[in-house]
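Take a look at the structure below.
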Amino acid sequence: MATADEIRADIAAGAEAFRAAADGFSGDWEAGDDDNWSARAVAEHTLGAVGFFAGTVANAMDARAAEKTAAELASPADVGPALDAGLEVLNRVFRYVEDRDMVKPVERPESMDWDATIGACMVRAGTHFTEHADSINERSS
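Using my numbering, the first residue of the sequence shown is number 5, and each one after it goes up by one.
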């Protein structure tokens, strides 16, 4: 497994890809349906999940609970400030993770397909950004 520092760098890169996707978005921010989310719904889901990832790791580390990170993103311009706020929440937790913590167990829904460890949760936080950056790019005209 990658080191905690390497994973933090991957998360930062994923977050920047997500920011770039929102900054470069052109098209109908609201276009979508139940089967194919709008770019707005994708962005709101992604930023809301930041609090889940931070909270999952905080719980496993016996740290103070992470704040919620949900945001209403009326336009792509709202993503940057909300992302910055979400990353502050995430980094307040993840910066304390050391390599030896990576294998500690976390509690997460059984439906999630990543290992129930701090390291896997951190990796998923990063891949979640890149996955949904791609989703937003696909919806851009």
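C-beta atoms are modelled at their ideal positions from N, C-alpha and C, and glycine is treated no differently.
Next item on the list: With a threshold of 16 other CB atoms inside 10 Å of the CB of Glu-92, please say whether the residue is buried or exposed.
Entry: Residue mapping note: residue 92 aligns to position 88 of the sequence shown, counting from 1. That one is exposed.
Next item on the list: Alpha carbon to alpha carbon, how far is His-136 from Thr-50? Give it in angstroms, no decimals.
Entry: As a first step, residue 50 is located in the sequence shown; it is residue number 46 there, counting from the start. As a first step, residue 136 is located in the sequence shown; it is residue number 132 there, counting from the start. Their backbone Cα atoms lie some 7 Å apart in a straight line.
Item checked: Outcome for Gly-18 when other beta-carbon atoms lying within 10 angstroms are tallied against a minimum of 16 -> Taking the first residue of the sequence shown as position 1, residue 18 is located at position 14. Gly-18 is buried by the Cβ-count criterion.
Notebook entry, point to check: Is the distance from the Cβ of Ala-64 to the Cβ of Ile-15 below 7 Å?
Noted result: Along the sequence shown, one-based indexing puts residue 64 at 60. Along the sequence shown, one-based indexing puts residue 15 at 11. No, they are not a contact pair.
Notebook entry, point to check: DSSP on Thr-73, reduced to helix/strand/coil?
Noted result: Looking up residue 73 in the sequence shown gives position 69. In the structure shown, Thr-73 sits in coil (DSSP, three-state: anything other than H, G, I, E or B).
Notebook entry, point to check: Is the region 103-118 close to the region 71-80, with three or more CB pairs under 8 Å?
Noted result: no
Next item on the list: Check Thr-134 in the structure and name its three-state DSSP category.
Entry: Position 130 of the sequence shown holds residue 134. If DSSP states are grouped into helix, strand and coil, Thr-134 belongs with the helices.
Margin query: I need the DSSP call for Pro-80, collapsed to helix, strand or coil.
Written below: Within the sequence shown, the letter at position 76 stands for residue 80. Three-state result, Pro-80: helix.
Note to self: Distance check for Ser-42 and Leu-77, CA to CA, integer angstroms please.
What the structure shows: Counting from 1 along the sequence shown, the entry for residue 77 is found at position 73. Counting from 1 along the sequence shown, the entry for residue 42 is found at position 38. Going from the Cα of Leu-77 to the Cα of Ser-42 covers about 12 Å.
Next item on the list: Look at the alpha carbon of Ala-24 and the alpha carbon of Leu-94, and state the distance between them as a whole number of angstroms.
Entry: For the purposes of this step, residue 24 is taken as the residue at position 20 of the sequence shown. For the purposes of this step, residue 94 is taken as the residue at position 90 of the sequence shown. Approximately 19 Å between the Cα atoms of the pair.
Notebook entry, point to check: So is Ser-79 buried or exposed if we call it buried at 16+ other beta carbons inside 10 Å?
Noted result: One-based indexing of the sequence shown puts residue 79 at position 75. Counting Cβ neighbours within 10 Å, Ser-79 comes out exposed, since fewer than 16 surround it.
Check: Alpha carbon to alpha carbon, what distance is there between Ala-47 and His-132?
Finding: Position 128 of the sequence shown holds residue 132. Position 43 of the sequence shown holds residue 47. Cα to Cα, the separation comes out at about 11 Å.
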